[in-house]
Amino acid sequence: MASNIGMMDGAYFVGRNEILTWINNCLQLNLSRIEEAASGAVQCQMMDLTHPGVVPMHKVNFDAKSEYDYIQNYKVLQDVFNKLKIEKHIEVNKLVKARPLDNLEFLQWLKRYCDSVNGGIMNENYNPIERRCKGGKERVRGSIKASKSLQSNNSHHHSATVDSEYYFIAGPKPGRVSTGSIGGHNSSVDIQALSNEITDLKLSVDLLEKERDFYFAKLRDIEILCQIQELEELPVTVSIKKILYAADAKESALEEAQEYLAEAMNAGEEEGEEA
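As structure tokens, then:
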């Protein structure tokens, strides 16, 4: 089950954009940043979609404004996990800080879990907007935008009114842009695009560093094992150390290690025959 997937599982290499698309499509939202899901409300509703009737949506606060409110949502989520016997520790203290990487990792796990339950197939009978009304005040910016577009295409509906009245509190409230300052609006769009790109690059670097540390720890464990006195003179151990301590990074030490091991094995067979 996905509740016990390891950190190097493919689930943790799903990108930010794919996670956001998954959330927006399933819940009819318009989130643009991972940290907008830091309040825990999105996670609760994803579990409501995956396990209908299990999540007490009336306890989920979609208008959460503080870490205290976020924590209450995560308590609801933890209760759901306990009820479903999902062995997944929720690092609430990290998630409520709205750091992109921490929230991305949890959402990556959540996607893997939900896909393992429903095979990645959305429940067509699920109405996410209606279900959010079962919870606290519905002030999710993305849900309002999505619901308006689904119900009508009234051109007189001013987007600035939506942004000023409804917003997802996990992220900052969008600023107003004057209709007469088109150049300023374009600059804001460019800045936002660059900001998103920088965030993506930071996430990529963090994931690469995590992968590097993972494999370095593996190599260190192998090195410690090879240093055990009873094992360090065995031919296979010497061969492994030849690979570990190879100085030339451009050439593989595997061939040299294989030759040494083959010679040692042949020598051992000859000694056995003479005996």
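full-length UniProt numbering applies: residue 1 is where the sequence shown begins, and numbers increase by one.
Glycine included, every Cβ here is placed at the ideal spot set by N, Cα and C.
Quick caveat, the model's predicted, so the values are computed rather than measured.
What's the gap between the Cα of K148 and the Cα of L29?
Per-residue confidence for K148 stands at a pLDDT of 43, beneath the threshold of 50, marking its modelled position as unreliable; the derived number appears in the next sentence. Using only the alpha carbons, I get a separation of about 11 angstroms.
Determine the closest residue to I243 out of E256, M57, K88, with distance taken between C-alpha atoms.
E256
Can you have a look at L201 and say buried or exposed, based on whether 16 or more other CB atoms are within 10 angstroms of its CB?
exposed
What are the start and end residues of the alpha helix (DSSP H) that includes P56?
Where P56 is concerned, there is no enclosing alpha helix (DSSP H), given that its DSSP letter is neither H nor E.
Round the Cβ separation of V54 and M47 to the nearest angstrom and send it over; I've been treating them as touching at under 8 angstroms.
7 angstroms
With 16 other Cβ atoms within 10 Å as the buried cut-off, status of residue 276
As shown, the chain starts at 1 and ends at 275. That puts residue 276 outside it, with no answer to give.
The alpha helix (DSSP H) enclosing C114, as first and last residue numbers
100-118
For residue 284, which of helix, strand or coil comes out of DSSP?
Given that the chain is displayed from residue 1 to residue 275, the structure contains no residue 284 and the question cannot be resolved.
Extent of the continuous alpha helix (DSSP H) to which Q72 belongs
67-84
Which whole-angstrom value describes the C-beta separation of L27 and V42, a residue pair presumed to lie in contact below a C-beta threshold of 8 angstroms?
7 angstroms
Mark R176 as exposed unless 16 or more other C-beta atoms lie within 10 angstroms of its C-beta, in which case mark it buried.
With a pLDDT of only 45 at R176, under the threshold of 50, the placement of this residue in the model should not be trusted, and no figure is reported.
Measuring alpha carbon to alpha carbon, tell me which residue in F62, L254, E36, H51 is nearest L95.
E36
Roughly how many angstroms lie between the CA atoms of N153 and Y215, to the nearest whole one?
Reliability of the predicted coordinates at N153 is poor, the pLDDT of 43 falling under 50, and the value obtained from them is presented with this limitation in mind. The alpha-carbon atoms of N153 and Y215 are separated by roughly 52 angstroms.
In the DSSP assignment, find the unbroken alpha helix (DSSP H) run with M47 in it and report its ends.
41-50
Are the CB atoms of L77 and C44 nearer to each other than 8 angstroms?
yes
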